[in-house]
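Q:
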Amino acid sequence: MRIDVVTLFPKMFEGVLNESILKIAREKGIVEIDLVNLRDFTQDKHRKVDAPPYGGGPGMVIMADPVFRAVEHLRAHGRKESELVLLSPAGRKLTQRRVRRLATAPGLILLCGHYEGFDERVSEGLKPLEMSIGDYVLTGGELPAMVLIDAVVRLQPGAVGRAESIEEESFMKGTLEYPQYTRPRVVRGMAVPDVLISGDHAKIEAWRQRQSEHRTRQRRPDLARKWKER
Ligand SMILES: C[S@@+](CC[C@H](N)C(=O)[O-])C[C@H]1O[C@@H](n2cnc3c(N)ncnc32)[C@H](O)[C@@H]1O
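Numbering-wise, the sequence shown is residues 4 to 233 according to my numbering.
(1) Count Cβ pairs between the stretch 123-143 and the stretch 165-181 that sit closer than 8 angstroms; are there 3 or more?
(2) In terms of alpha-carbon separation, which member of 197, 98, 61 and 115 lies closest to residue 73?
(3) I'd like the list of long-range same chain contacts for residue 159, defined as Cβ closer than 7 angstroms, with 5 residues on each side in sequence excluded.
(4) Nearest CA to the CA of residue 51: which residue from 59, 155, 42 and 57?
(5) Under 7 angstroms from any heavy atom of ligand 1, does the C-beta of residue 23 make it?
(6) Going straight from the alpha carbon of residue 133 to that of residue 189, what length do you get?
(7) Exposed or buried, which one is residue 139 when buried takes at least 16 other CB atoms within 10 Å?
(8) Taking the straight line between their C-alpha atoms, what separation do you get for residue 67 and residue 184?
(9) Could you give the residue range of the beta strand (DSSP E) that holds residue 110?
(10) Only counting the same chain, and skipping five residues up and downstream in sequence, which positions put a Cβ closer than 6 angstroms to that of residue 195?
(11) Any heavy atom of ligand 1 closer than 7 angstroms to the CB of residue 160?
(12) Do you know how far the Cα of residue 201 is from the Cα of residue 217?
(13) Starting from residue 23, follow its DSSP beta bridges and name the residues at the other end.
(14) Identify every residue that forms a DSSP beta bridge with residue 193.
(15) List the DSSP bridge partners of residue 53.
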């Protein structure tokens, strides 16, 4: 998979893309991630990409033209089929189901806003998929883009050690994951549930299933309702 990130702050990605699973996935060629500096697509001699909003108000708005140019450049250079995603708090909520769908795209072009966001004509003209990572406002689209990249890359075949570990996780089946334990058997007086050391795989499976359903009902009644309606 190929991911292009259009951003004013490419350096923000350095740490995240160069550690752990994302680093290994890039080294293995599972994903190729390119950072595209939006300032390279301005025609302004001072490389300005923002201007005050028409109608007045605080802050600056990212001008549409450099964004059009950046996307046209990418489309003309092998990214014709990439899904265009604009990060915005006003977008659709990023869920595991949407992550799964995005993970099957041949490529992604991620547009990171900053300041007061993009001139509306970016959305009108390019018709990106607008995605929000939650109902709160961040200073820029870079952290949301990193969240999306991380979630999508770990679903690529070969990125995470065992495919089952992904299938078991919260949200993949519509429920939250069951509790996990590791060595030692007792920590500060708290013991691992007996069933997990029984060696009885059918019992363990049934216990995990019950725990998963119980946890979902308790912590996320909204998810539990959806999962019941399926
Ligand atoms: C300060 S925000 C702009 C907020 C915008 N004026 C509003 O009220 O909707 C700047 C940029 O951060 C990104 N951003 C902020 N919060 C986000 C969120 N929850 N999900 C996705 N992107 C977000 C977007 O790219 C946005 O253009």
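Positions of the beta carbon are idealized from the N, C-alpha and C atoms, including for glycine. Here the structure is a predicted model, which means the values were calculated and not measured.
A: The answer reads as follows:
(1) no
(2) Translated into positions along the sequence shown, residue 73 becomes position 70. Cα-wise, what sits closest to residue 73 is 115.
(3) Sequence index remark: in the sequence shown, residue 159 carries index 156 (1-based). Around residue 159: 4, 28, 33, 34 and 106.
(4) As a first step, residue 51 must be located in the sequence shown, where it is residue number 48. Ranking 59, 155, 42 and 57 by Cα distance to residue 51 puts 42 first.
(5) Within the sequence shown, residue 23 is the residue found at index 20, counting from 1. No, ligand 1 has no heavy atom inside 7 angstroms of this Cβ.
(6) Here residue 133 is taken as the residue at index 130 of the sequence shown, counted from 1. Here residue 189 is taken as the residue at index 186 of the sequence shown, counted from 1. Between residue 133 and residue 189, the C-alpha separation is close to 47 angstroms.
(7) What you label residue 139 is simply residue 136 of the sequence shown in a count that begins at 1. Counting Cβ neighbours within 10 Å, residue 139 comes out exposed, since fewer than 16 surround it.
(8) Along the sequence shown, read from residue 1 onward, the residue named residue 67 stands at position 64. Along the sequence shown, read from residue 1 onward, the residue named residue 184 stands at position 181. So the two alpha carbons sit approximately 51 angstroms from each other.
(9) For the purposes of this step, residue 110 is taken as residue 107 along the sequence shown, with counting starting at 1. That run of the beta strand (DSSP E) goes 110-114.
(10) The residue you call residue 195 lines up with position 192 of the sequence shown. Hits under 6 angstroms: 184 and 188.
(11) Start at 1 with the first residue of the sequence shown, and residue 160 comes out as number 157. Every heavy atom of ligand 1 is 7 angstroms or more from the Cβ of residue 160, so no.
(12) Taking the first residue of the sequence shown as 1, we reach residue 217 at position 214. Taking the first residue of the sequence shown as 1, we reach residue 201 at position 198. For residue 217 and residue 201, the distance between alpha carbons rounds to 21 angstroms.
(13) Residue numbering aside, residue 23 sits at position 20 when the sequence shown is read from its first letter. The partner list for residue 23 (beta bridge, DSSP) is empty, contrary to what the question assumes.
(14) As a working mapping, residue 193 is identified with position 190 in the sequence shown. 190.
(15) As a working note, residue 53 is residue 50 in the sequence shown. DSSP output for residue 53 lists 65 as bridge partner(s).
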